[in-house]
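Heads up: the structure comes next, in structure tokens.
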RNA sequence: CGGGGUGUAGCUCAGUUUGGCAGAGCGCUUGCUUUGGGAGCAAGAAGUCGCCGGUUCAAGUCCGGCCACCCCGACCA
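Numbering (my numbering), first residue to last: 131 to 707.
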């Protein structure tokens, strides 16, 4: 493609609404444009990258026996009523002219289930693995971060149909391996982690996190055994607890702490360490209210609290009215001592506080010298705090977690019978029995992967795409568009490259050299060929976007071959296995 | 949904305090010069100052309402 014909409106400055790197570079480089919050147009360069990633995913899905289909984005709401997902908050609703309810698909378990219940009658028709690469719609509470969290995005979503558990286990692991190959081919490091299954449900699930500083998910991995888990749900290996002796500290005492409602303020006021504080957090699940106790320097983990209390309860922080009703004090002064009418769930670390500080359940007052066993007890002691770096791994004897930031780009689920049961998706097994189909669901966000790759591959000048996903393999930068000898050389290289399978952009614009260099760096094409002053000696320069300062001079005729070699080398480095 | 912020040329932003001709830089158009890291000179085009209403002789500026966008939180398949 000649640059004069290519629509790539680059910008010198990033728009003010972009504050993360991938968003800024995508807009500055002319890859995307915003239409509304969380809704973007892909311009030619952006769409090429998108298609390259989609094609890698497609190849790897086909490799494990997947068959590509395309389901509608427009889905009758009544289908989701069958599974009970019609009330999911991120669902986009609409009505047709006859006032019938529809929604825009946010994931397609129900559609696959509907397909399966009409077409699959026998165990002989399975296993099946069907997938699609399609636009998804989610009315996110807060779209943000350019392509990272949007309301309309592209996802590969695959669904497996099996007649036995072993088949589900097998396709689940095959997807894991295929995802590993996809990310490797995109040049990305990832960690597969256990996670909260959320609204999709099912027995087992695994998230795929691409590692990036700016990632908004906290990922923990055991440095010893490699066990990975999302910090949201990570358990901590129990360690021995020493409850302080009851008489080793003075009696509990109420002190005035005017204006101190936060851990930081209380610590400052009482000249105490956060570890001494016992945070008392009131949580609600329906009508049930519990008080959760964690050490002042720790965070409460709501999913773990729900798990500890049981019944798979979904807890949320209690509103201030509830807090005031239960503690008879404003938010910020709750404490376990004398707290009645609610269950008290304590994290084990809290018991170790020999000389604790808690809210006094009175306005502007705290209790000091508080001790577990003497001044209060818990209904239940359970691991309910958010895990972090250095905490013990629950899967091995002596490993500890290290913490990384990740971007969730894939999530796979063993759904089991969750949808088959709700929607009556049955088949006849070899004994003639009617049984429900065993399902699995496997998502991979294409557009989010685009952003994640940029988060990992950029410098102060712009993007440095891995060649497997780059919008072009190479760019020919012609320094002077008026110089006939440069034009002749550039044209020869351009045509030779194209016929040898190298996708080249030829920048023959009548612009200052600096503009062309800046644009080439910004849009991140891996191989740069500079056709300029060396032309007198019949030479051009070849540079790599990812290795600033490195360049080689080659004769004009030799350039296409060398460029093809470099492309093959770069691709080779991204080969899986 | 709660808290905070922003809305003026394609982009980045002044101007709003104290009401009085609609501004700058970048980009764009034309011409000449220039061509190895976002060129120089000259001439130009470009605006419903987010929208609606109000106050006023006069509103980008003051008042009321609404909308959009961004950030923090809640939420998040």
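Ideal Cβ positions, reconstructed from N, Cα and C, are used throughout, including at glycine. Bear in mind that the values here come from a model prediction, so they are computed numbers and not experimental data.
Who are the near neighbours of residue 611 in its chain, counting only those whose CB is closer than 6 Å to its CB and skipping five residues on each side? Around residue 611: 638 and 640.
Helix, strand or coil, according to DSSP, for residue 340 in the structure here? DSSP places residue 340 within a strand segment (E or B) once states are collapsed to three.
In angstroms, rounded to a whole number, what distance separates the CA positions of residue 479 and residue 427? Approximately 11 Å, taken between the alpha carbons.
For residue 598 and residue 782, the rounded distance between their alpha carbons: No statement about residue 782 is possible, as the shown extent of the chain runs from 131 to 707 and does not include it.
Length at least 3, wholly inside the stretch 282 to 311: the beta strand (DSSP E) runs in chain order: Taken in chain order, the whole beta strand (DSSP E) runs of length 3 or more contained in the stretch 282 to 311 are 282 to 292.
Rounded C-alpha distance that separates residue 517 from residue 657: Separation of residue 517 and residue 657 (C-alpha to C-alpha, rounded to the nearest whole angstrom) is 43 Å.
Can you check whether the CB of residue 204 is closer than 9 Å to the CB of residue 232? Yes, the Cβ-Cβ distance between residue 232 and residue 204 is below 9 Å.
CB-CB length for residue 342 against residue 162, believed under 8 Å: Residue 342 to residue 162, Cβ: 18 Å. No contact.
In angstroms, rounded to a whole number, what distance separates the CA positions of residue 193 and residue 311? For residue 193 and residue 311, the gap between their C-alpha atoms comes out near 11 Å.
Between the alpha carbons of residue 398 and residue 406, how many angstroms are there, rounded? About 12 Å.
Neighbour-count burial assignment, residue 541, 16 or more Cβ in a 10 Å radius: Flag for residue 541 reads buried.
Spatial neighbours of residue 241 in its chain, beta-carbon cut-off 8 Å, leaving aside the 5 residues before and after: Taken in chain order, the residues that qualify are 201, 202, 205, 209 and 235.
Mapping DSSP to helix, strand and coil, what is residue 393? Residue 393: helix per DSSP, three-state reduction.
Should the stretch 586 to 603 be called in touch with the stretch 267 to 285, which here means at least 3 C-beta pairs below 8 Å? No: the two stretches stay apart, fewer than three of their Cβ pairs being nearer than 8 Å.
Going by C-alpha to C-alpha distance, which of 138, 352, 225 and 609 sits closest to residue 526? The shortest C-alpha separation from residue 526 is found at 352.
Mind checking residue 196: buried by the 16 CB within 10 Å criterion, or exposed? Looking at its Cβ environment, which holds 16 or more other Cβ atoms inside 10 Å, residue 196 is buried.
Measuring only the C-alpha atoms, how far is residue 198 from residue 633? For the pair residue 198 and residue 633, the Cα-to-Cα distance works out to about 27 Å.
Candidates 629, 348, 368 and 373, of which the one nearest residue 361 by Cα: For the residues 629, 348, 368 and 373, the minimum Cα distance to residue 361 belongs to 348.
Which of helix, strand or coil DSSP assigns to residue 186: Helix, per DSSP.
Going by beta-carbon coordinates alone, are residue 445 and residue 470 separated by less than 9 Å? For the pair residue 445 and residue 470, the CB atoms are not nearer than the 9 Å cut-off.
Look at the alpha carbon of residue 154 and the alpha carbon of residue 315, and state the distance between them as a whole number of angstroms. Going from the Cα of residue 154 to the Cα of residue 315 covers about 24 Å.
Where DSSP assigns a beta bridge to residue 589, which residues make up the other side? The partner list for residue 589 (beta bridge, DSSP) reads 592.
Among 484, 295, 256 and 545, which residue has its Cα nearest to the Cα of residue 381? Checked all of 484, 295, 256 and 545; the closest Cα to residue 381 is 484.
Look at the alpha carbon of residue 243 and the alpha carbon of residue 552, and state the distance between them as a whole number of angstroms. The alpha-carbon atoms of residue 243 and residue 552 are separated by roughly 10 Å.
Just list the residues that DSSP pairs residue 206 with in beta bridges. Answer by DSSP bridge pairing, in chain order: 232.
Distance between beta carbons of residue 456 and residue 419, contact taken as under 8 Å: Right, their Cβ atoms sit about 6 Å apart.
In terms of residue numbering, what span does the beta strand (DSSP E) encompassing residue 703 cover? Unbroken run through residue 703: none, as it is neither H nor E.
Are three or more beta carbon pairs between the stretch 660 to 670 and the stretch 682 to 690 nearer than 8 Å? These segments touch.
Excluding sequence positions up to five away, which residues of its chain have a Cβ less than 6 Å from the Cβ of residue 298? Excluding residues within five positions, the ones whose Cβ falls inside 6 Å are 292, 544, 568 and 570.
Which one of 179, 451, 422 and 307 has the shortest CA to CA distance from residue 437? Out of 179, 451, 422 and 307, 422 has the C-alpha closest to the C-alpha of residue 437.
Same chain, Cβ closer than 7 Å to residue 386, neighbours up to 5 away in sequence not counted: 494 and 495.
Taking the runs of the beta strand (DSSP E) that are 3 residues or longer, which of them lie wholly in the stretch 623 to 648? Unbroken beta strand (DSSP E) runs of no fewer than 3 residues, entirely contained in the stretch 623 to 648, are found at 634 to 637, following chain order.
According to DSSP, what are the bridge partners of residue 351? Answer by DSSP bridge pairing, in chain order: 358 and 532.
Can you tell me whether residue 711 is buried or exposed? The criterion is at least 16 other CB atoms within 10 Å of its CB, across all chains shown. Outside the shown range of the chain (131 to 707) lies residue 711, about which nothing can therefore be said.
Mapping DSSP to helix, strand and coil, what is residue 180? In this structure, DSSP gives residue 180 a helical state, which the three-state scheme calls helix.
Those runs of the beta strand (DSSP E) which lie wholly inside the stretch 467 to 538 and span at least 3 residues: Counting whole runs of 3 or more residues, the stretch 467 to 538 contains the beta strand (DSSP E) stretches 473 to 476, 486 to 489 and 495 to 500.
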